[in-house]
Structures are given as structure tokens and as C-alpha cells.
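Before any comments, here is the structure.
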Amino acid sequence: MTSRNPFNFGDLALDESFTDREVELSELKSDVLNGQNVVVFAPRRYGKSSLVWRATQELVSDDDVLVAQVDLMRTATKEQFAAKLAQAVYEQIATPLFRARERASQVFRGLRILPVMTVDASDGTLGFSFTSGHTDTDVDATIEKLFELPAELSAERGRRAAVVFDEFQEILDIDPHLPGLMRASFQAQPDVAHVYLGSKRSMMERLFNDENEPFWRSAKQMELGVIAPTAFAEFIRERFQSTARGVEDSVVDAVLAVTQGHPYGTQELCYALWEETPDGETAADTSFRAALDRVLRSENAHFTRIWDDSPTSQKLLLQALAREPLQKITSGDFRRRHGLPTSSSVQRAVDALLDDELIAKDAPGAYRIAEPFLAEWVLRFGS
Ligand SMILES: Nc1ncnc2c1ncn2[C@@H]1O[C@H](COP(=O)(O)OP(=O)(O)O)[C@@H](O)[C@H]1O
Ligand SMILES: [Mg+2]
Numbered sequence: 002m003t004s005r006n007p008f009n010f011g012d013l014a015l016d017e018s019f020t021d022r023e024v025e026l027s028e029l030k031s032d033v034l035n036g037q038n039v040v041v042f043a044p045r046r047y048g049k050s051s052l053v054w055r056a057t058q059e060l061v062s063d064d065d066v067l068v069a070q071v072d073l074m075r076t077a078t079k080e081q082f083a084a085k086l087a088q089a090v091y092e093q094i095a096t097p098l099f100r101a102r103e104r105a106s107q108v109f110r111g112l113r114i115l116p117v118m119t120v121d122a123s124d125g126t127l128g129f130s131f132t133s134g135h136t137d138t139d140v141d142a143t144i145e146k147l148f149e150l151p152a153e154l155s156a157e158r159g160r161r162a163a164v165v166f167d168e169f170q171e172i173l174d175i176d177p178h179l180p181g182l183m184r185a186s187f188q189a190q191p192d193v194a195h196v197y198l199g200s201k202r203s204m205m206e207r208l209f210n211d212e213n214e215p216f217w218r219s220a221k222q223m224e225l226g227v228i229a230p231t232a233f234a235e236f237i238r239e240r241f242q243s244t245a246r247g248v249e250d251s252v253v254d255a256v257l258a259v260t261q262g263h264p265y266g267t268q269e270l271c272y273a274l275w276e277e278t279p280d281g282e283t284a285a286d287t288s289f290r291a292a293l294d295r296v297l298r299s300e301n302a303h304f305t306r307i308w309d310d311s312p313t314s315q316k317l318l319l320q321a322l323a324r325e326p327l328q329k330i331t332s333g334d335f336r337r338r339h340g341l342p343t344s345s346s347v348q349r350a351v352d353a354l355l356d357d358e359l360i361a362k363d364a365p366g367a368y369r370i371a372e373p374f375l376a377e378w379v380l381r382f383g384s
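For what it's worth, our numbering labels the leading residue of the sequence shown as 2, then goes sequentially.
Below, the structure is given as C-alpha cells:
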């Protein structure tokens with residue numbers, strides 16, 4: 002029997018797919034146990050959700066903490082947001098506290114608007130929704146009560162609780178007044194840790210770092226970086242070995258040189274590398290090149306769209322950074338070498354590309370393409 006590809010990208014990195022992050026994991030767990038609010042920042046696909054999922058698993062099983070998780074992605078309205086909150090409170094707080102299901106759903110008795118409960122015929126789980134057409138005041142009062150329930154229920158039973166909001170920057174799109182409502186409620190809950198995860202750095206900075214915003218200085222900030230090369234190298238070797246394949250050290254180095262330790266990008270390239278390595282054999286340079294081609298083919302539509310949507314100054318800057326990363330890009334020399342426009346238009350291109358998280362700043366004035374594989378793609382196809 003041939004084994005299954007041990008690499009995985011797109012889903013949460015769980016169990017043996019998860020590596021490193023020991024420092025962040027222990028810090029996050031202590032913060033939650035202390036009732037400390039935390040905001041975890043990182044670009045998309047750096048492993049925020051995976052990290053918090055891992056922390057949650059350990060907090061629930063080792064420390065008896067009740068953790069409700071709410072993902073704001075694809076939440077279009079306040080009613081949908083309320084429904085997600087109700088679901089999380091029911092499943093992750095009320096059900097573990099009150100073993101009987103009927104009692105657990107009673108926690109919603111005090112809500113201004115009662116959720117509509119539906120039973121899934123296949124597995125008997127309860128689903129919650131709120132109908133539209135209620136007044137704004139009633140919806141807000143319902144949401145406020147849902148914000149308070151984790152604190153109330155856990156305090157009654159002497160348990161610790163935390164609430165996690167993933168893709169928190171979406172909150173402003175759901176309703177710009179929600180942060181104020183949230184903050185007012187959470188401020189009165191010193192024992193409950195609130196954890197916010199966010200992808201769009203600029204938006205997170207606006208929510209948390211602006212003194213006119215309700216979340217100003219309300220949470221400790223944790224910035225998640227890439228995974229350290231030594232930890233990732235060890236993980237890659239171990240994953241190959243566990244499936245009776247091997248990988249040359251030089252190939253592991255080449256993988257990490259391309260991905261720079263980007264969590265998703267590294268798993269994506271390793272997935273392709275494993276596919277290109279015959280059963281029982283060791284991945285060498287030919288497999289590596291085939292794997293990179295494979296990844297570039299599968300990312301082609303995505304990169305073509307980015308390229309076509311970029312104005313000329315951004316295209317020129319991407320080409321320059323693909324050829325020569327980490328140089329002082331506004332310097333006259335650099336601009337002449339790469340045919341770049343004036344330093345003020347280069348600066349505007351930099352700001353736009355930073356905002357889209359396509360490039361990153363490693364030191365003052367020194368940028369590189371941060372989107373995995375985009376530099377290779379630009380060198381081959383971007384013209
Ligand atoms: N700790 C980790 N170890 C190994 N791979 C990881 C880790 N964290 C993330 N990844 C990889 O990155 C991908 C995206 O992770 P995810 O947690 O969804 O990121 P985010 O929530 O920041 O968008 C995962 O599918 C996995 O391939
Ligand atoms: Mg995520």
C-alpha cells in the first residue's frame with residue numbers, strides 16, 4: 002500500500018501537521034489562563050487559526066477552560082453574527098457545562114430575540130439562526146446578552162472561559178458599531194480572555210492602535226512570523242521519513258530558500274515535492290524542480306490576476322524585487338538599474354503592495370516579495 006501525502010495546505014494544521022510555535026503557544030495559553038486579552042496579527046496563511054486551534058485544544062483538555070470560537074469570515078449581517086455567537090456559546094460553553102442538551106439550550110431564555118433552533122436530521126446537532134426584520138435595538142440587545150453569556154455561565158460554575166474571534170477585521174463590514182458594543186461589554190469581564198485574530202494588518206492596526214477606536218490598548222499584541230528554518234527543516238525530513246520517502250538536505254534548503262519559511266507556501270511546495278518523489282526514494286534536485294513547476298502551474302491563474310490588476314509602477318517594482326530583493330529601493334541607482342519611475346511613485350507602489358501583503362519590509366528601506374512563489378513566477382512569466 003502506498004502512503005498518503007503527509008503535507009497539507011489550506012486546512013488547519015492539526016496534530017502531526019503542526020510544527021514549532023512553542024513560544025507562541027505557551028504564551029497564548031498563559032494569557033488565556035490569566036484572562037488577558039490578546040490580538041494575534043499576521044498576514045493570511047501564516048498559521049493564526051492553526052495556532053489558536055492548538056492552544057484551544059490544550060486549554061480545553063489540560064486546563065478545563067471553556068473556549069468559544071467564532072469565525073467572522075462569510076458573516077454578512079448582524080443576525081448571522083448573532084447566530085454564530087449563539088452556536089459557539091451553545092456548543093463550546095453551555096453543552097460542556099450542562100450535560101443535558103435541553104438544559105444547554107435554555108441558556109438563551111433571557112435573549113431579547115430568541116434564536117430559531119433547527120435539528121440536523123443526520124446527526125441530531127442543533128443549529129441556530131435569527132430571522133431578519135427585528136429592530137436594530139433588539140438585535141443589539143440580543144448580541145450584548147450573547148457577549149455576556151460566556152462570562153456569566155463560566156462564573157456560575159467556577160470555570161475559566163475564553164472567546165476567540167477569527168478574521169476579526171471583518172467586524173467593521175458587519176456593522177461599524179459592533180466594536181463599541183463589544184468593548185463596552187468585554188471591559189466588564191476581566192476574567193474572560195478575548196482573543197482576536199486578524200489578517201489584514203492595516204485594518205487590525207486601525208482597530209487596535211488608534212486612540213479613537215474602542216479597542217485602543219485593550220489587548221496584548223502578538224505578531225506571528227514565519228516558521229524558523231531549523232524547525233521547518235526538521236519537520237520536512239520527519240514527514241518524508243514517516244511515509245517511507247527521503248529528502249536530500251540540499252533539497253530541504255532549496256525549499257526553504259524559495260518559501261522563506263512561509264507556513265502555507267512551505268507545505269504547498271512540500272506537498273508537490275512528495276508527489277514528485279517515487280515511493281521508497283529520496284527527493285533530489287530533479288524532483289524539486291518538477292515540484293516548483295507544479296506549484297507555479299497551479300498558482301498561475303492567481304498570479305496572472307494579480308499581475309493584470311497591477312499598474313505599471315507596481316509591475317516594475319515586482320520585477321525589480323524579484324531580481325534584486327532587499328536593496329534600498331528608492332535609491333537612484335536601484336531605480337536606474339530597474340527602469341523604475343520617480344521615488345515618489347515607487348513609494349506609492351510600495352505602499353499599495355505592502356497593503357496587499359504581496360511584499361514585506363525586512364529592514365528600513367529593504368523590501369522583498371512576500372507572497373510565496375510570486376518572485377519565481379515574475380522571473381519566468383511576468384513581462
Ligand atoms: N504550525 C504550523 N506547522 C505547519 N504548517 C502550518 C502551521 N501553521 C500553518 N501551517 C500551514 O499554513 C496553512 C494556513 O494556516 P492557517 O492556520 O489557516 O493560517 P491563517 O489562519 O493565518 O490564515 C495551513 O494549511 C498549513 O499548511
Ligand atoms: Mg485563519
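The C-beta atom is built at its ideal place from N, Cα and C for all residues, glycine as well.
None of these values were measured; they are calculated from a predicted model.
- Out of I144, S133, A89, L359, the CA that lies nearest to the CA of T126 is found in A89.
- Between the C-alpha atoms of L359 and E372 there is a straight-line separation of about 5 Å.
- The beta carbon of P116 is closer than 8 Å to those of A83, A84, A87, F109, F129, S130, F131 in its chain, skipping five residues each way along the sequence.
- If you check the CB distance, F216 and L208 come in under 8 Å.
- Assigned with DSSP and collapsed to three states, S130 falls in strand.
- At the C-beta level, V68 and A163 come within 8 Å of one another.
- Nearest to S18 by alpha-carbon distance, out of T57, S123, D309, E239, is E239.
- Going by DSSP, F166 is part of the beta strand (DSSP E) stretching over 162-167.
- Between L318 and L354 a beta carbon distance of about 7 Å is seen, short of the 8 Å cut, so the two are scored as contacting.
- Each of Y47, D137, R100 was checked against the Cα of R113, and the nearest Cα belongs to D137.
- Relative to ligand 1, the beta carbon of I228 is positioned inside 7 Å of a heavy atom.
- In this structure, L52 lies near L26, with their beta-carbon atoms less than 8 Å apart.
- CA-to-CA, the gap between T313 and T260 works out to about 26 Å.
- With three or more CB-CB distances shorter than 8 Å, the stretch 5-16 counts as touching the stretch 269-280.
- With respect to the C-alpha of Y368, the residue from A234, A350, A142, M205 having the closest C-alpha is A350.
- The beta carbon of V347 sits closer than 8 Å to the beta carbons of S314, L318, I330, T331, R336, L341 from its chain, once the five residues preceding and following it are set aside; these are given in chain order.
- In the structure shown, the three-state DSSP call for I360 is strand.
- In chain order, G36, A152, S155, A156, R161, A162 place their CB closer than 8 Å to the CB of D192, counting only its own chain and leaving out the 5 sequence neighbours on each side.
- A residue is called buried when at least 16 other Cβ atoms come within 10 angstroms of its Cβ; N38 meets this threshold and is buried.
- The distance from the Cβ of A105 to that of Y91 is about 6 Å, consistent with a contact at the 8 Å cut-off.
- Between Q107 and the set L147, A142, G134, the nearest pair of CA atoms involves L147.
- Taking 7 Å as the cut-off, the C-beta of G11 counts as close to a heavy atom of ligand 1.
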